[in-house]
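Asks: Same order as they appear, the protein sequences are chains A and B. So for the first sequence, the numbering used here puts the first residue at 0; every next one is plus one. So for the second sequence, the numbering used here puts the first residue at 105; every next one is plus one. Supplied in structure tokens, the structure appears directly below.
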Amino acid sequence: MTEAVRQYEPVIGIEIHVQLATRTKMFCGCELSFGEEPNTRTCPVCLAHPGVLPVTNAEAVHFGLMIGLALGCEIAPSSIFHRKNYFYPDSPKAYQISQYDIPLCTGGRLGDVRIHRVHLEEDAAKLVHAGSSGRIHGAESSVVDFNRCGTPLVEIVTEPDLRSAAEAAEFGRLLQATLRRMGVSDVNMEEGSLRVDANVSIRPAGQASFGTKTELKNMNSFRFLERGIEAEVARQEQLLAEGGTIQQETLHFDPEAGSLTSLRSKEEAHDYRYFPEPDLVPMAPTEEMLVRARAALPELPAARAERLERELELPADTAKLLSFRSELGDFYETALAADSDHPRRLANWTINELTAAVGDGDPADTKLEPPVLARLVAMVADKQVSASAAREVLAVLIAKGGDPAQVIEAQGLGRAGEEELGDIVDRAIADNPDAVEKIRAGKQQAIGALVGAVMRETKGRADGGEVQQMIRAKLGE
Amino acid sequence: MIDRDQVLHVARLSRLRLTDEELERMPGELSKILDHVEKMDELDLEGIEPTTHVVELQNVLREDVPRPSLPRERALAGAPDVADGGFRVPSPGGS
Chain A
0 MTEAVRQYEP
10 VIGIEIHVQL
20 ATRTKMFCGC
30 ELSFGEEPNT
40 RTCPVCLAHP
50 GVLPVTNAEA
60 VHFGLMIGLA
70 LGCEIAPSSI
80 FHRKNYFYPD
90 SPKAYQISQY
100 DIPLCTGGRL
110 GDVRIHRVHL
120 EEDAAKLVHA
130 GSSGRIHGAE
140 SSVVDFNRCG
150 TPLVEIVTEP
160 DLRSAAEAAE
170 FGRLLQATLR
180 RMGVSDVNME
190 EGSLRVDANV
200 SIRPAGQASF
210 GTKTELKNMN
220 SFRFLERGIE
230 AEVARQEQLL
240 AEGGTIQQET
250 LHFDPEAGSL
260 TSLRSKEEAH
270 DYRYFPEPDL
280 VPMAPTEEML
290 VRARAALPEL
300 PAARAERLER
310 ELELPADTAK
320 LLSFRSELGD
330 FYETALAADS
340 DHPRRLANWT
350 INELTAAVGD
360 GDPADTKLEP
370 PVLARLVAMV
380 ADKQVSASAA
390 REVLAVLIAK
400 GGDPAQVIEA
410 QGLGRAGEEE
420 LGDIVDRAIA
430 DNPDAVEKIR
440 AGKQQAIGAL
450 VGAVMRETKG
460 RADGGEVQQM
470 IRAKLGE
Chain B
105 MIDRDQVLHV
115 ARLSRLRLTD
125 EELERMPGEL
135 SKILDHVEKM
145 DELDLEGIEP
155 TTHVVELQNV
165 LREDVPRPSL
175 PRERALAGAP
185 DVADGGFRVP
195 SPGGS
């Protein structure tokens, strides 16, 4: 086998950092910042003044335990913090308090992907490069804003179990949906409360050992994650095909240019000289802490999708969408509780018509009440209103609220009655002798013109199939 | 034995500038410290957990309750160079 035709298999592992949705920072009482003026959420601890002592936020530990339990991890009976030493202006202490050889949680699994570890740490400050403020000395300096410094983070590391860019993005979405459901983080990638790095290597198909990996940093959407991994896999394949070797390095993916640039050479960057943080004592989760964390776990998206599929016989894609976007799932299940006769039809209306109207928003924020959607869907099922008319009714209900029957009455959207429909069909037949002739001559598709005329006349208040049947009957077909 | 290159490496990581005299002296001094710590290896430490803290405390946690942050002027009071409400630093990209 020559090098050129050799097939490579990508091997991908993911590291995700999530900012925890606590009120205060990891090791001090400063409130977390949401766009406040720079350096208004700081104190001697997070500014690293001499002699200060960090004290761990109990809620951050609680969230960390929830995440560990949700991912089926083993919780360390006692875990400790380390200092990760590096010199950079985003860290006033010149180290980050993180966890090293004894993290809070190890092992675990989400979907088909094994979790390596979950640990607690603190976020760094933000550097504003002076170029953006338009100052003359811009290029020479940066301005540090310590509001974010010390924000609690959880880092989740997977095993290298992912085999394609698409799998990696899919896993990321599942993890995001899971964390969002748990309420432990805002998981907003654009705002940086969820950040993803990918470790990417390739190996000849069938080979057991791993190739040299590179790290893709901080992609701010799952789409960019997917494209970044694809670009990196292609780069590595080409490099190997040309007889080159992969350098271990950190890369930044530019989604606009589709290009990868090396961020830092590794020579000295990764010499972090970890040692145990002497200012913090071990965390040894008590039974009480574990019970509380377990009790705080809601039904998670993977379990919900499985349940919707099994109990309501929804298609897998539908069940997944209702579970990944839990606000849709909640709306759906509340509606279903009011009327459980049409689970599939109601699900379709929720993920199609309702999402078309609310986009990425929460349907609960509209004037539409879940039981009202259930009533409307039941009316469609009972043929009291046509699907197209019901869409118009839905738009009114979303904007103004109210009752479907009243909206149908007020807007004259009720289904055309047999007698009314019969008259309209008769008129359509009389008005379109050409089409009638073609149908009689065996050109079945000519019936479309007649159906179209009837639908126009009824403004969508009739059912296309029923109209067709009536036309055929009247023509004696 | 710590050599001169290792001293230079650690000094660079810590952003320390050593004089020639210090650079001569440090390898020997640092090696002596390590030798001293190495004496521990003479003890039988079989089955003894590494100690990370001398006081036997655990779970010293703080409720997630906000405390007032510093007014910005005070936070910035010790900064050698202030700009745009922040601490101005040499651009790290250049290092």
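Here a beta-carbon is modelled for each residue, glycine too, at the ideal position from N, C-alpha and C.
Give every residue of the same chain whose Cβ lies closer than 6 angstroms to the Cβ of E266/A, excluding the five residues on either side of it in the sequence, and list them in chain order.
Replies: For E266/A, the predicted structure reports a pLDDT of 49, less than 50, and the residue's modelled location is therefore unreliable. A value from the coordinates is still provided. Correct list: empty, nothing qualifies.
Asks: In chain order, what are the residue ranges of uninterrupted beta strand (DSSP E) at least 3 long that sit wholly in the stretch 329-397 of chain A?
Replies: Whole beta strand (DSSP E) segments, 3+ residues: zero.
Asks: Whether or not the stretch 178-192 of chain A and the stretch 305-317 of chain A are in contact is what I'm after, with contact meaning three or more pairs of Cβ atoms, one per stretch, closer than 8 angstroms; do they touch?
Replies: Output reads no: the stretch 178-192 of chain A does not touch the stretch 305-317 of chain A.
Asks: In whole angstroms, what is the alpha-carbon distance linking H136/A and R166/B?
Replies: Residue placement at H136/A is flagged as unreliable, the pLDDT there being 47, under the threshold of 50; a coordinate-derived value is accordingly withheld.
Asks: What whole-angstrom Cβ distance do P369/A and T333/A have, given they're in contact under 8 angstroms?
Replies: Indeed, because the Cβ distance is near 4 angstroms, the residues count as touching under 8 angstroms.
Asks: Using beta carbons (cut-off 7 angstroms, strictly below), is D168/B in contact with chain A?
Replies: Yes, contact with chain A.
Asks: Hey, is N38/A's beta-carbon within less than 7 angstroms of any beta-carbon in chain B?
Replies: For N38/A, the answer is yes, since a Cβ of chain B falls inside 7 angstroms of its Cβ.
Asks: Got a sec? Which residues, its chain only, sit under 8 angstroms from P203/A by beta carbon, not counting five neighbours each side?
Replies: For P203/A, where only same-chain residues beyond five positions count, the Cβ hits under 8 angstroms are R5, Q6, Y7 and E8.
Asks: Run through DSSP, which three-state label would K143/B get?
Replies: Reduced to three states, the DSSP call for K143/B is helix.
Asks: If you draw a straight line from the alpha carbon of T317/A to that of H341/A, how long is it in whole angstroms?
Replies: Distance between the alpha carbons of T317/A and H341/A: 14 angstroms.
Asks: If you measure from the beta carbon of G190/B to each beta carbon in chain A, is any gap under 7 angstroms?
Replies: Yes - at least one Cβ of chain A is within 7 angstroms of the one on G190/B.
Asks: Could you work out which residues of chain B lie near M65/A, taking near to mean beta carbons separated by less than 8 angstroms?
Replies: Correct list: empty, because the minimum Cβ distance to chain B is about 14 angstroms.
Asks: If you check the beta carbons only, do S192/A and Q18/A fall under 7 angstroms apart?
Replies: Closer than 7 angstroms, so yes.
Asks: Short of 8 angstroms in beta carbon distance, which residues of its chain neighbour S195/B, apart from the five on each side in sequence? Order them along the chain.
Replies: Nothing listed; no residue qualifies.
Asks: Relative to chain B, which residues along the stretch 25-51 of chain A have a C-beta separation below 7 angstroms, given in chain order?
Replies: Of all residues in the stretch 25-51 of chain A, G28, C29, E30, E36, P37, N38, T39, R40, T41, C42 and L46 have a Cβ within less than 7 angstroms of some Cβ in chain B.
Asks: Between E142/B and E133/B, what straight-line distance do the alpha-carbon atoms span, to the nearest angstrom?
Replies: One C-alpha to the other measures close to 14 angstroms.
Asks: DSSP on S140/A, reduced to helix/strand/coil?
Replies: Looking at S140/A - three-state DSSP - the assignment turns out to be strand.
Asks: Short of 9 angstroms Cβ to Cβ, which residues in the stretch 378-410 of chain A face chain B?
Replies: Hits within the stretch: zero.
Asks: What do you get for D462/A, buried or exposed, if any count of 16 or more other CB atoms within 10 angstroms of its CB means buried?
Replies: D462/A comes out buried.
Asks: Using the DSSP secondary-structure output, state which residues sit across from C104/A in a beta bridge.
Replies: Its beta-bridge partners are I74/A and V117/A.
Asks: Check the C-beta distance from K216/A over to D196/A and give it rounded, since I have them as a contact under 8 angstroms.
Replies: Correct: roughly 5 angstroms between the Cβ atoms.
Asks: Checking contacts by CB at 7 angstroms: is V193/B closer than that to chain A?
Replies: True, the Cβ-Cβ gap to chain A drops below 7 angstroms.
Asks: Note down the Cα distance separating S155/B from I79/A, rounded to an integer number of angstroms.
Replies: Looking at the sequence itself, residue 155/B is Thr, so the reference to Ser does not match. Taking the straight line joining both Cα atoms gives about 11 angstroms.
Asks: Identify the contact partners of E58/A in chain B, using a Cβ-Cβ distance below 7 angstroms as the criterion.
Replies: Per Cβ cutoff of 7 angstroms: D168.
Asks: First and last residue of the alpha helix (DSSP H) that includes V450/A?
Replies: Run containing V450/A: I446 to T457, per the alpha helix (DSSP H) assignment.
Asks: Taking Cβ positions, are A346/A and L313/A nearer each other than 7 angstroms?
Replies: Cβ atoms of A346/A and L313/A: closer than 7 angstroms.
Asks: If we ignore side chains and look at the alpha-carbon of each, how far apart do Y271/A and L112/B end up?
Replies: About 16 angstroms.
Asks: Would you say the stretch 396-412 of chain A touches the stretch 355-371 of chain A, given that touching needs at least three Cβ pairs under 8 angstroms?
Replies: Verdict: yes, contact present.
Asks: So, using beta-carbon positions, are D489/A and A59/A closer together than 7 angstroms?
Replies: Outside the displayed range of chain A (0 to 476) lies residue 489/A, so it cannot be described from this structure.
Asks: Does the Cβ of S258/A have 16 or more other Cβ atoms within 10 Å, making it buried, or fewer, making it exposed?
Replies: By the neighbour-count rule (16 or more Cβ atoms within 10 Å), S258/A is not buried but exposed.
Asks: Roughly how many angstroms lie between the CA atoms of L180/B and G171/A, to the nearest whole one?
Replies: Those two C-alpha atoms are separated by around 39 angstroms.
Asks: Comparing alpha-carbon positions, which option in E146/B, L122/B and R108/B lies nearest S205/B?
Replies: With chain B covering 105 to 199 only, the question about residue 205/B has no answer from this structure.
Asks: Check whether the Cβ atoms of A477/A and V379/A sit closer than 7 angstroms, and answer yes or no.
Replies: Within the shown structure, residues of chain A are numbered from 0 to 476, placing residue 477/A beyond reach of any answer.
Asks: Compute the Euclidean distance between the alpha carbons of V127/A and V193/B, then round it to the nearest angstrom.
Replies: Approximately 10 angstroms, taken between the alpha carbons.
Asks: Quick one: using the 10 Å Cβ neighbour count with 16 as the cut-off for buried, is T260/A buried or exposed?
Replies: Exposed is the call here.
Asks: Just list the residues that DSSP pairs L174/A with in beta bridges.
Replies: Note: L174/A sits in no beta bridge, so no partner.
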